[in-house]
Amino acid sequence: MNYKMVFGTVGRVLAVESVLMLLPAIVSLLYNESAIWAILVTAGVTFLFGALLSMLCRKSSSVIYAKEGFAIVALSWILMSVFGALPFVLSGEIPNYIDAYFEIVSGFTTTGATILRDVEIISKGLLFWRSFSHWIGGMGVLVFIMAIMPKISDRSMHILRAEMPGHSVGKLVPKAKSTARILYLIYIVMTIVQMILLLCGGMSLFDSTVISLGTAGTGGFTVTNAGIGGYSAYCQWIILVFMFLYGINFNLYYMLLIKKAKSVFKSEELWSYVGILSVSTVIITINTLSSTGVLSDTVRHSAFQSVAFMTTTGFSTANFNDWPSLSKALLLILMFLGGCGGSTAGGLKISRFVLMCKLISREFRKMLHPTSVHTVRFEGKQVDEKTLSSVTTYFALYMLCIFVVFIALSFEPFGLETNFSVAVSSFNNIGPGFGSAASHWGDYSAVSKLILSFSMLLGRLEIFPLLITLSPTFKYKK
81 MNYKMVFGTV GRVLAVESVL MLLPAIVSLL YNESAIWAIL VTAGVTFLFG
131 ALLSMLCRKS SSVIYAKEGF AIVALSWILM SVFGALPFVL SGEIPNYIDA
181 YFEIVSGFTT TGATILRDVE IISKGLLFWR SFSHWIGGMG VLVFIMAIMP
231 KISDRSMHIL RAEMPGHSVG KLVPKAKSTA RILYLIYIVM TIVQMILLLC
281 GGMSLFDSTV ISLGTAGTGG FTVTNAGIGG YSAYCQWIIL VFMFLYGINF
331 NLYYMLLIKK AKSVFKSEEL WSYVGILSVS TVIITINTLS STGVLSDTVR
381 HSAFQSVAFM TTTGFSTANF NDWPSLSKAL LLILMFLGGC GGSTAGGLKI
431 SRFVLMCKLI SREFRKMLHP TSVHTVRFEG KQVDEKTLSS VTTYFALYML
481 CIFVVFIALS FEPFGLETNF SVAVSSFNNI GPGFGSAASH WGDYSAVSKL
531 ILSFSMLLGR LEIFPLLITL SPTFKYKK
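See below:
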């Protein structure tokens with residue numbers, strides 16, 4: 081393990097985070113808020129710590145192997161959250177550090193769960209920081225670092241694979257640095273387009289900005305207690321469309337840019353994603369129509385919540401907690417499935433779900449025809465046994481982690497439905513739960529908030545980077 085290179089890279093990540101904090105500081109300045117000093121002090125402390133770490137570890141190789149990639153990603157996300165929580169504490173707006181840490185972890189991991197009962201009392205600068213953390217974490221701050229660092233080895237693909245969600249991540253172009261730049265360019269353009277469309281719908285500049293940042297990261301933080309339900313139907317449809325778009329594999333957008341549309345429309349994962357959302361929307365619409373009576377509103381709310389849950393954005397336009405059991409059950413299933421691999425969405429991922437279904441189908445065929453050769457094909461290609469094994473291993477560990485979190489939360493007095501939905505929501509980076517956790521998670525104890533923070537990090541980094549880095553068998557040595 082090249083620990084100098086690991087900690088040197090982490091130091092640069094923290095230095096970049098400190099620079100990014102200047103944006104919420106500018107927002108606070110524009111609104112003449114006292115929180116600006118808390119943000120600037122935090123930015124200064126974070127920069128000094130990061131710069132010191134980089135200087136102490138500057139004489140190191142730039143070659144990044146798999147082990148270093150896991151360590152860099154895990155340690156960066158932990159320390160980013162440690163420093164990112166400080167503005168809330170120093171400003172006194174979230175005086176308890178554990179609460180502040182939970183809030184910013186929820187931001188960076190694009191979960192969108194909050195401990196705040198009244199979000200409107202928070203200053204504009206810190207509201208911007210919460211939503212901006214979604215945008216940073218959605219594509220991945222390490223991907224951003226790769227895009228802007230002048231000297232970076234192509235071995236840094238190990239960082240891209242460790243940080244980007246999905247069962248496999250490949251290069252769009254020969255160099256990992258160029259891949260990172262392409263991904264972020266697409267990400268930035270989509271964010272700006274959504275902001276403009278929301279402004280056209282009468283939304284304020286501040287609201288359109290933070291909502292677009294939250295949508296891009298499929299996060300879910302809002303700036304009003306009414307959530308997205310307080311905006312016009314036009315704005316809700318715009319947000320719905322962009323949630324859907326951010327749940328699609330970004331590789332497909334690149335394919336469209338290089339005029340390979342046929343490959344996009346042949347994507348098995350894309351059509352599975354569209355099909356599941358369509359069926360869920362139809363069923364929920366039928367199931368909830370009797371309680372609303374207005375078909376257009378019912379379709380909008382059903383489609384919005386289906387997309388919000390499946391893309392793990394977590395925005396809401398309706399009180400889904402009062403929906404019939406069938407609709408809530410479907411939303412819970414969508415929590416597990418998540419979006420496409422290579423998107424900013426959380427969850428198990430559609431690609432893994434499709435492969436699991438094909439594996440089950442293959443086992444049935446083997447039982448019926450034991451002497452025949454049975455292969456699994458995905459996206460027109462044969463899937464090797466190593467990939468299939470990694471998918472089944474991940475699924476087993478995924479379910480185990482959720483059950484462990486659920487058991488840990490069972491000491492809380494909120495009932496089975498609430499605790500289970502919160503365990504699923506935290507690990508899949510969704511945000512809302514059912515029961516008393518539908519709007520906020522502030523009633524959980526400090527210990528449970530730390531457990532949930534760890535769960536959110538585990539889910540966002542897809543288990544392995546964090547567990548491997550924190551494992552006693554993971555040795556930091558030259």
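With the working numbering, the residue at position 297 of the sequence shown is 377, and numbering never jumps.
Think of the CB as a built atom: it goes at the ideal place given N, C-alpha and C, for glycine as much as any other residue.
| query | result |
| --- | --- |
| Out of Thr194, Leu546, Lys340, Gly394, which has the shortest C-alpha to C-alpha gap to Leu477? | Leu546 |
| Give the secondary structure of Arg457 by DSSP, where H, G and I count as helix, E and B as strand, and everything else as coil. | strand |
| Can you give the beta carbon distance from Ile119 to Pro167, rounded, assuming they're within the 8 angstroms contact cut? | 5 angstroms |
| Roughly how many angstroms separate the alpha carbons of Ser505 and Trp157, rounded to a whole number? | 19 angstroms |
| Which residues in the same chain have their Cβ closer than 7 angstroms to the Cβ of Leu278, if we skip the five residues on either side of it in sequence? | Ser288, Ile291, Ser292, Cys315, Ile318 |
| Mind checking whether Leu414 and Met436 have CB atoms under 9 angstroms apart? | no |
| Strictly by DSSP, which residues pair up with Gln462? | Arg457 |
| Count Cβ pairs between the stretch 94-109 and the stretch 204-220 that sit closer than 8 angstroms; are there 3 or more? | yes |
| Output the distance between the C-alpha atoms of Met323 and Ser501, rounded to the nearest integer angstrom. | 21 angstroms |
| Can you tell me where the alpha helix (DSSP H) with Cys437 in it begins and where it stops? | 430-448 |
| Is it buried or exposed, Ser358, if we count other Cβ atoms within 10 angstroms and call 16 or more buried? | exposed |
| Give, in chain order, every unbroken run of the alpha helix (DSSP H) that is at least 4 residues long and sits entirely within the stretch 306-360. | 313-326, 330-337, 341-345 |
| Grab me the residues of Gln385's own chain with a C-beta within less than 6 angstroms of its C-beta, minus the 5 sequence neighbours each way, in chain order. | Phe400 |
| I'd like to know whether the C-beta atoms of Gly511 and Gly297 end up nearer to each other than 9 angstroms. | no |
| Thr566: buried (16+ other C-beta within 10 angstroms of its C-beta) or exposed? | This structure gives no information on residue 566, because the portion of the chain shown stretches from 81 to 558. |
| Determine the DSSP secondary structure at Cys280, reduced to helix, strand or coil. | helix |
| Could you tell me the distance, in whole angstroms, from the CA atom of Val153 to the CA atom of Ser211? | 21 angstroms |
| Could you round the C-beta distance between Gly164 and Glu97 to whole angstroms and report it? I think they count as a contact, below 8 angstroms. | 7 angstroms |
| Roughly how many whole angstroms lie between the Cα atoms of Ile262 and Tyr326? | 15 angstroms |
| When we look at the beta-carbon of Val253 and count the other beta-carbons within 10 Å, is it buried (16 or more) or exposed? | Bear in mind that a pLDDT of 45 at Val253, under 50, signals an unreliable position, so the model cannot answer this. |
| Threshold first: 3 residues or longer. Then list the beta strand (DSSP E) segments lying entirely within the stretch 139-215, N to C. | none |
| Suppose the cutoff is 8 angstroms on Cβ atoms and the five residues either side in sequence are ignored; what does the same chain contact list for Val456 look like? | Leu435, Lys438, Leu439, Arg442, Gln462, Val463, Leu468 |
| For Lys529, I'd like the list of residues in its chain whose CB is within less than 6 angstroms of its CB, leaving aside the five on either flank, ordered along the chain. | Ile178, Phe182 |
| Just mark Gly88 as buried or exposed, buried being the case when its beta carbon has 16 or more other beta carbons within 10 Å. | buried |
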